[in-house]
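**Q** Supplied in structure tokens, the structure appears directly below.
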Amino acid sequence: MISYRSTSSPKAIVVLAVYFLVSLSSFFLSQKASAETVTKKEVLKKYESVIVQSNQMNIYGYDLSDVTFKLKRLTEILIANRFKQANDLLGEIQRDLETIEARGPEKLKRERRLVWVEIFADFVQQFAFFVVIALLLLRLDIVRANILRKPSQSSHWKLSLAFTSASILGGLIGLIRYGQSSWAFVDLQILFVGIGGLVGGIWVGVITGLINALFRLMIVPGVNVYLAIPLVTGIATGLFCLRRPRGPLGTLDMLWGGLGMGLLHSLFMYLPIFFYLSLPSFLLAVASLSVAEGIMVFLFFAAAWQIFKEQRRKETEKELFRTRLQFLQAQINPHFLFNTLNTIAAICGEEHAERARKLIVELSTLFRRMTKQESDLIPLKDEFEYLDAYLNIEQARFGERLKIEKNIGLSAQGLETPVPMLMIQPIVENAVKHGISKKSEGGKLTLNAREEDSKVIIEVKDTGVGMSDDLKEKVFDLRRDDKTADPDHTGVGLSNIRERLNKFYGNQCQITVSSTLNQGTTVTLSFPKAGGGG
Numbered sequence: 174m175i176s177y178r179s180t181s182s183p184k185a186i187v188v189l190a191v192y193f194l195v196s197l198s199s200f201f202l203s204q205k206a207s208a209e210t211v212t213k214k215e216v217l218k219k220y221e222s223v224i225v226q227s228n229q230m231n232i233y234g235y236d237l238s239d240v241t242f243k244l245k246r247l248t249e250i251l252i253a254n255r256f257k258q259a260n261d262l263l264g265e266i267q268r269d270l271e272t273i274e275a276r277g278p279e280k281l282k283r284e285r286r287l288v289w290v291e292i293f294a295d296f297v298q299q300f301a302f303f304v305v306i307a308l309l310l311l312r313l314d315i316v317r318a319n320i321l322r323k324p325s326q327s328s329h330w331k332l333s334l335a336f337t338s339a340s341i342l343g344g345l346i347g348l349i350r351y352g353q354s355s356w357a358f359v360d361l362q363i364l365f366v367g368i369g370g371l372v373g374g375i376w377v378g379v380i381t382g383l384i385n386a387l388f389r390l391m392i393v394p395g396v397n398v399y400l401a402i403p404l405v406t407g408i409a410t411g412l413f414c415l416r417r418p419r420g421p422l423g424t425l426d427m428l429w430g431g432l433g434m435g436l437l438h439s440l441f442m443y444l445p446i447f448f449y450l451s452l453p454s455f456l457l458a459v460a461s462l463s464v465a466e467g468i469m470v471f472l473f474f475a476a477a478w479q480i481f482k483e484q485r486r487k488e489t490e491k492e493l494f495r496t497r498l499q500f501l502q503a504q505i506n507p508h509f510l511f512n513t514l515n516t517i518a519a520i521c522g523e524e525h526a527e528r529a530r531k532l533i534v535e536l537s538t539l540f541r542r543m544t545k546q547e548s549d550l551i552p553l554k555d556e557f558e559y560l561d562a563y564l565n566i567e568q569a570r571f572g573e574r575l576k577i578e579k580n581i582g583l584s585a586q587g588l589e590t591p592v593p594m595l596m597i598q599p600i601v602e603n604a605v606k607h608g609i610s611k612k613s614e615g616g617k618l619t620l621n622a623r624e625e626d627s628k629v630i631i632e633v634k635d636t637g638v639g640m641s642d643d644l645k646e647k648v649f650d651l652r653r654d655d656k657t658a659d660p661d662h663t664g665v666g667l668s669n670i671r672e673r674l675n676k677f678y679g680n681q682c683q684i685t686v687s688s689t690l691n692q693g694t695t696v697t698l699s700f701p702k703a704g705g706g707g
């Protein structure tokens, strides 16, 4: 039998232990070297990615000032082979780039701001052109008349011509500015086609829309949505006008008509690009264009109504003025005519035929001027000629009891100053009737006219019975109407003169009265001279 026995010695055990430790160390060293090699590759790959991304962002205008220094530092770290530190810095740079990218490029933000500024400036420009063209349209009687009432068939062609001209002018403005006959936001061509349909009805809308569609065809050949917009707008607004009553459009009709036209135009503009826009952007674009064009249509009709209101006010004032002038003439004519005819009869009885003939000529001249109302204003020289005829008749009537002195020191320009008809005559009549005629020995009437700076000063002075302060207030109080004053002492048309002078001269005209009992009265008028700039 063979038996075995362990023969391991302490020396062998030590050798085995050393071998094991060396092998283990080699394993860890190889693993460490392998790990360092992988980390270096990843760092370099990540570095390359960061450089590419930063270059692209720089091209698109992103602001990379926050990471430029870090990229320079990263390069230095990589040269020193400190890859772990480089990896950490790369992670920080990547986070910075993500933050900058989320904010957007500075160039793009500047461009967006400039785009909005340009859109606003163009809108202001378009609105200014709209106002000018609208005011030109509203100067046409045919347009104003058909805003007030439902259009007749006879007015269709005139309205079509007016609104076609306005809309094509709006298109030409866009053509000069943008190279085409429309604008992506507010389109003047479409606006005036729509307003034409609202004012003139279906036929005006169709004719105006069709002609503008042909105009667009000449500018942009080919049949597309761009050509259909004016025609569809004209038809739609014309159909809307069918619900209009015989009279003018109501406020709500104007508002809804304008908004509907704007909505129709905006849908034509933005539906073709619906899939390229987010829903909020699409709705904002449609709403903005609808409201903008709706408001402009409403402003057109609002301006028209303001013009109508001002015209009615002026017509009322003019009619009132003519009524008062006719009333003043009616006051003068009867008693003056009777007195003059009595004077002429007396002269004829004394067999002064030539003198009577001259008085008849003066009377004829006087009444011809009184009844000639070509204008509310006449030159001052015509008023003086009228006064000459009047005073010649009065002097024949009163004889030696009435002395007349005239001092007219006016330039040719001063004599051409426009004044209300019968401005001075009532004051002169008042001086004769209530001043000189009531004095047994009669008196003297002086008419002075002079220029001071840019004003004309006219003074009517008599040496009649004069007036006490109380009577002067009753007769010449410029705050009272004739009907409230004392009929026994009130001259003809004093409040009438006051109102007419205020109408033409406002606060640039002054009337002053001075009177002393038993000595006489002086009335002074002051108003701007023609071309005096006052």
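For the sequence shown, the working numbering gives the first residue as 174, with consecutive numbering after it. Heads up, the beta-carbon is just placed ideally off N, CA and C, and yes, glycines get one too. In this text, all values refer to a predicted model and were calculated from it rather than measured experimentally.
Going by beta carbon distance, what residues of the same chain come within less than 7 angstroms of residue 718, once the five residues before and after it are set aside?
**A** Residue 718 is absent from the model: the chain starts at 174 and stops at 707.
**Q** If we count the other Cβ atoms within 10 Å of its Cβ and call it buried at 16 or more, is residue 218 buried or exposed?
**A** For the purposes of this step, residue 218 is identified with residue 45 of the sequence shown, where counting begins at 1. Residue 218 comes out exposed.
**Q** Where DSSP assigns a beta bridge to residue 592, which residues make up the other side?
**A** Along the sequence shown, one-based indexing puts residue 592 at 419. Beta-bridge pairing links residue 592 to 551.
**Q** Go through the stretch 373-444 residue by residue and report every complete run of the alpha helix (DSSP H) that reaches 4 residues or more, in order.
**A** Whole alpha helix (DSSP H) segments, 4+ residues: 375-392, 398-414, 424-443.
**Q** So, residue 635 versus residue 604, is the Cβ gap smaller than 9 angstroms?
**A** On the sequence shown, position 462 is the one that residue 635 refers to. On the sequence shown, position 431 is the one that residue 604 refers to. Yes, these two residues count as a Cβ contact at 9 angstroms.
**Q** Just the C-alpha distance for residue 608 and residue 580, rounded to the nearest angstrom, thanks.
**A** Numbered from its first residue, the sequence shown carries residue 608 at position 435. Numbered from its first residue, the sequence shown carries residue 580 at position 407. When rounded, the distance between both Cα atoms is 20 angstroms.
**Q** How many angstroms separate the CA atom of residue 402 from the CA atom of residue 232?
**A** On the sequence shown, residue 402 is found 229 positions in, with the first residue counted as 1. On the sequence shown, residue 232 is found 59 positions in, with the first residue counted as 1. Going by the C-alpha atoms only, they are around 41 angstroms apart.
**Q** Decide if residue 701 is buried, meaning its Cβ has at least 16 other Cβ atoms within 10 Å, or exposed.
**A** Here residue 701 refers to the residue found at position 528 of the sequence shown. By the neighbour-count rule (16 or more Cβ atoms within 10 Å), residue 701 is buried.
**Q** Do you know how far the Cα of residue 473 is from the Cα of residue 407?
**A** Position 234 of the sequence shown, counted from the first residue, corresponds to residue 407. Position 300 of the sequence shown, counted from the first residue, corresponds to residue 473. Residue 407 and residue 473: Cα-Cα distance of roughly 17 angstroms.
**Q** When you compare the CB positions of residue 382 and residue 405, do they come within less than 9 angstroms of one another, or not?
**A** Start at 1 with the first residue of the sequence shown, and residue 382 comes out as number 209. Start at 1 with the first residue of the sequence shown, and residue 405 comes out as number 232. In this structure, residue 405 lies closer than 9 angstroms to residue 382 by Cβ.
**Q** Using DSSP's beta-bridge definition, name the partner residues of residue 601.
**A** In the sequence shown, residue 601 corresponds to position 428, counting from 1. Its beta-bridge partners do not exist; DSSP assigns none.
**Q** Work out the CA separation of residue 673 and residue 571 for me, nearest whole Å.
**A** For the purposes of this step, residue 571 is taken as residue 398 along the sequence shown, with counting starting at 1. For the purposes of this step, residue 673 is taken as residue 500 along the sequence shown, with counting starting at 1. Spanning the two alpha carbons is a distance of roughly 30 angstroms.
**Q** For the beta strand (DSSP E) that residue 622 lies in, which residues bound it at each end?
**A** Position 449 of the sequence shown holds residue 622. Note, residue 622: beta strand (DSSP E), 616-625.
**Q** Distance check for residue 564 and residue 697, CA to CA, integer angstroms please.
**A** Along the sequence shown, read from residue 1 onward, the residue named residue 697 stands at position 524. Along the sequence shown, read from residue 1 onward, the residue named residue 564 stands at position 391. Distance between the alpha carbons of residue 697 and residue 564: 19 angstroms.
**Q** Can you give me the Cβ contacts of residue 554 inside the same chain, cut-off strictly under 8 angstroms, excluding the 5 residues immediately before and after it?
**A** Mapped onto the sequence shown, residue 554 falls at position 381. Counting only Cβ-Cβ distances below 8 angstroms, and skipping sequence neighbours, we find 588, 589.
**Q** Please classify residue 618: is it buried, with 16 or more other beta-carbons within 10 angstroms of its beta-carbon, or exposed?
**A** Here the question's residue 618 lines up with position 445 in the sequence shown. Under this definition residue 618 is a buried residue.
**Q** Evaluate the contact criterion for the stretch 455-470 versus the stretch 372-389: three or more CB pairs, one atom per stretch, below 8 angstroms.
**A** Counting Cβ pairs under 8 angstroms, fewer than three are found: no touch.
**Q** Classify residue 343 as buried or exposed, calling it buried when 16 or more other Cβ atoms lie within 10 Å of its own Cβ.
**A** In the sequence shown, the residue the question calls residue 343 occupies position 170. The residue is buried, with at least 16 neighbouring Cβ atoms inside 10 Å.
**Q** From 310, 518, 514, pick the residue whose C-alpha is nearest to that of residue 536; which is it?
**A** Here residue 536 refers to the residue found at position 363 when the sequence shown is read from its first residue. Selected option, being the one with the closest Cα: 514.
**Q** Return helix, strand or coil for residue 309, following the three-state DSSP convention.
**A** In the sequence shown, counting from the first residue as 1, residue 309 sits at position 136. Here residue 309 sits in helix by DSSP.
**Q** Compare the beta carbon distance of residue 411 and residue 373 with 9 angstroms and say whether it is the shorter of the two.
**A** Within the sequence shown, numbered from 1, the residue matching residue 411 stands at position 238. Within the sequence shown, numbered from 1, the residue matching residue 373 stands at position 200. Closer than 9 angstroms, so yes.
**Q** Would you identify the three-state DSSP class for residue 696, choosing helix, strand or coil?
**A** Walking along the sequence shown from the start, residue 696 turns up at place 523. Strand at residue 696.
**Q** In angstroms with no decimal places, state the Cα-to-Cα distance between residue 606 and residue 615.
**A** As a working mapping, residue 606 is identified with position 433 in the sequence shown. As a working mapping, residue 615 is identified with position 442 in the sequence shown. Looking at the two C-alpha atoms, the distance is approximately 11 angstroms.
**Q** Whose C-alpha, out of 295, 333, 309, is nearest the C-alpha of residue 346?
**A** Along the sequence shown, one-based indexing puts residue 346 at 173. Per the Cα distances, 295.
**Q** Looking at the structure shown, is residue 575 part of a helix, part of a strand, or coil, going by DSSP?
**A** In the sequence shown, residue 575 corresponds to position 402, counting from 1. In this structure, residue 575 counts as strand in the three-state DSSP scheme.
**Q** Looking only at its own chain, which residues have a Cβ that is under 8 angstroms from the Cβ of residue 790, when we skip the five neighbours before and after it?
**A** Residue 790 lies beyond the stretch modelled for the chain, which goes from 174 to 707, so this question has no answer here.
**Q** Taking the beta carbon of residue 333 as the centre, do at least 16 other beta carbons fall within 10 Å, making it buried, or is it exposed?
**A** Indexing the sequence shown from 1 puts residue 333 at position 160. Under this definition residue 333 is a buried residue.
**Q** In terms of residues, what are the limits of the alpha helix (DSSP H) holding residue 240?
**A** On the sequence shown, residue 240 is found 67 positions in, with the first residue counted as 1. It spans 238-252 - the alpha helix (DSSP H) in which residue 240 sits, taken as one unbroken run.
**Q** If you draw a straight line from the alpha carbon of residue 558 to that of residue 683, how long is it in whole angstroms?
**A** Your numbering for residue 558 matches position 385 in the sequence shown. Your numbering for residue 683 matches position 510 in the sequence shown. Spanning the two alpha carbons is a distance of roughly 23 angstroms.
**Q** Return the chain-ordered list of same chain residues with a C-beta closer than 8 angstroms to the C-beta of residue 308, the five sequence neighbours on each side being excluded.
**A** Here residue 308 refers to the residue found at position 135 of the sequence shown. The answer, listed in chain order, is 476.
**Q** Pull up the distance between the alpha-carbon of residue 639 and that of residue 632, whole angstroms please.
**A** Taking the sequence shown and counting its residues from 1, one reaches residue 639 at position 466. Taking the sequence shown and counting its residues from 1, one reaches residue 632 at position 459. C-alpha separation (whole angstroms): 16 angstroms.
**Q** List the whole-angstrom C-beta distance separating residue 266 from residue 247, where the pair is believed to meet the contact cut-off of C-beta under 8 angstroms.
**A** As a working mapping, residue 266 is identified with position 93 in the sequence shown. As a working mapping, residue 247 is identified with position 74 in the sequence shown. Yes, they are in contact, since the Cβ atoms of residue 266 and residue 247 sit about 7 angstroms apart, within 8 angstroms.
**Q** Classify residue 126 as helix, strand or coil using the three-state DSSP reduction.
**A** Outside the shown range of the chain, which is 174 to 707, sits residue 126, and nothing can be said about it.
**Q** Using the C-alpha atoms, what's the distance from residue 599 back to residue 689?
**A** Working through the sequence shown from its first residue, we reach residue 689 at position 516. Working through the sequence shown from its first residue, we reach residue 599 at position 426. When rounded, the distance between both Cα atoms is 20 angstroms.
**Q** Is the distance from the Cβ of residue 239 to the Cβ of residue 273 below 9 angstroms?
**A** Start at 1 with the first residue of the sequence shown, and residue 239 comes out as number 66. Start at 1 with the first residue of the sequence shown, and residue 273 comes out as number 100. It is a contact, given that the beta carbons lie within the stated cut-off.
**Q** How is residue 686 classed by DSSP in three states: helix, strand or coil?
**A** By 1-based counting over the sequence shown, the position of residue 686 is 513. Residue 686: strand per DSSP, three-state reduction.
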